[in-house]
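A short worksheet on the structure shown next.
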Amino acid sequence: MNVGNEKGLILDKTVEEINPSVALELGTYCGYSAVRIARLLKAGARLLTVEFNPEFAAIAKQMIEFAGVQDKVTLIEGPSEEIIPQLKKKYEVDTLDFVFVDHWKDRYTPDTILLQECSLLRKGSVLLADNIIVPGAPEFVNYIRNNPRFQCTNYPSHLEYMKVQDAMEKAVFLG
103 MNVGNEKGLI
113 LDKTVEEINP
123 SVALELGTYC
133 GYSAVRIARL
143 LKAGARLLTV
153 EFNPEFAAIA
163 KQMIEFAGVQ
173 DKVTLIEGPS
183 EEIIPQLKKK
193 YEVDTLDFVF
203 VDHWKDRYTP
213 DTILLQECSL
223 LRKGSVLLAD
233 NIIVPGAPEF
243 VNYIRNNPRF
253 QCTNYPSHLE
263 YMKVQDAMEK
273 AVFLG
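With my numbering, letter number 32 in the sequence shown gets 134, and the count goes up by one each step, no holes.
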């Protein structure tokens, strides 16, 4: 449910390499990864984080405020398929530098397609998807790895706080 320590280091390294100005997180849960991302953002950068469940969003809001990163984070409550098309006009997003994909696994592929259809990805935008083995996102893995518009890297890891094999998939949008 949260990215955990081992995958958190992969997330941190990716955010540090990209140094995003505008980042999107799909699946806030309780705010752990939002805080991890926000604490690494440069001055003036921002993270928009999307959570469908209002109870989780309320907890995440408290965690983001407790961590002191509320000035860098916009928590958006609602379904990703409705929010993504609103990002340009309602949230003044031109393009996204980084997208952390960690929500409902059956939404990974349609939301990646929607990000492209809404022209939110630019050449060099990076997607990082969690839990591609457990619980698994085989449709997404197949889509992203066989799409010539993405260059992929797999990061083997373990399920949060367990010895169960899992992985994260990094996909760089080639335009």
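Glycine included, every Cβ here is placed at the ideal spot set by N, Cα and C.
Since this is a predicted model, take the numbers as computed values, not measurements.
Excluding the five sequence neighbours on either side, which residues of its own chain have a C-beta within less than 8 Å of the C-beta of P212, listed in chain order?
If the five residues before and after P212 are omitted, its C-beta is found closer than 8 Å to the C-beta atoms of E183, all from its own chain and listed in chain order.
V243 and K272 closer than 8 Å at C-beta:
Taking 8 Å as the cut-off, the beta carbon of V243 is found no closer than this to the beta carbon of K272.
Just to confirm, is the Cβ distance from L222 to T197 under 8 Å?
Yes, the Cβ-Cβ distance between L222 and T197 is below 8 Å.
Inspect the beta-carbon positions of F200 and I120 and report whether they are closer than 8 Å.
Yes.
Between the beta-carbon of E153 and the beta-carbon of E179, is there less than 8 Å?
Yes. Within cutoff.
Can at least three beta-carbon pairs, one atom from the region 165 to 175 and one from the region 130 to 145, be found at a separation below 8 Å?
Segments in contact, yes.
Could you tell me whether the Cβ atoms of K190 and C220 are closer together than 8 Å?
Contact: yes.
Start-end ranges of the alpha helix (DSSP H) lying completely within the region 137 to 200, minimum 4 residues:
Given a length threshold of 4 residues, each whole run of the alpha helix (DSSP H) inside the region 137 to 200 is given here in chain order: 156 to 168, 182 to 185 and 189 to 192.
Does DSSP classify G238 as helix, strand or coil?
It is helical.
Find out if the Cβ-Cβ distance for the pair S259, K109 is shorter than 8 Å.
Against a cut-off of 8 Å, the Cβ pair of K109 and S259 comes out as a contact.
Please report how far the alpha carbon of E127 lies from the alpha carbon of I186, in whole angstroms.
Each residue's alpha carbon lies about 11 Å from the other.
Applying the 10 Å Cβ sphere with the 16-neighbour rule, what's the burial state of L150?
Buried.
Keeping to the same chain, check which residues put their C-beta closer than 6 Å to that of P181; ignore five residues upstream and five downstream.
Apart from sequence neighbours up to five positions away, the residues of its chain that approach P181 with a beta-carbon distance below 6 Å are F154, ordered along the chain.
Are the CB atoms of S123 and D204 within a distance shorter than 8 Å?
Taking 8 Å as the Cβ cut-off, D204 and S123 do not qualify as a contacting pair.
Roughly how many angstroms separate the alpha carbons of W206 and K225, rounded to a whole number?
W206 and K225: Cα-Cα distance of roughly 26 Å.
Buried versus exposed call for R247 [16 or more other C-beta atoms within 10 Å across all chains shown]
With fewer than 16 Cβ atoms within 10 Å of its Cβ, R247 is classed as exposed.
Whose C-beta lies closer than 6 Å to the C-beta of A239 among residues of the same chain, with five residues either side of it excluded?
The beta carbon of A239 is closer than 6 Å to those of K207 and Y210 in its chain, skipping five residues each way along the sequence.
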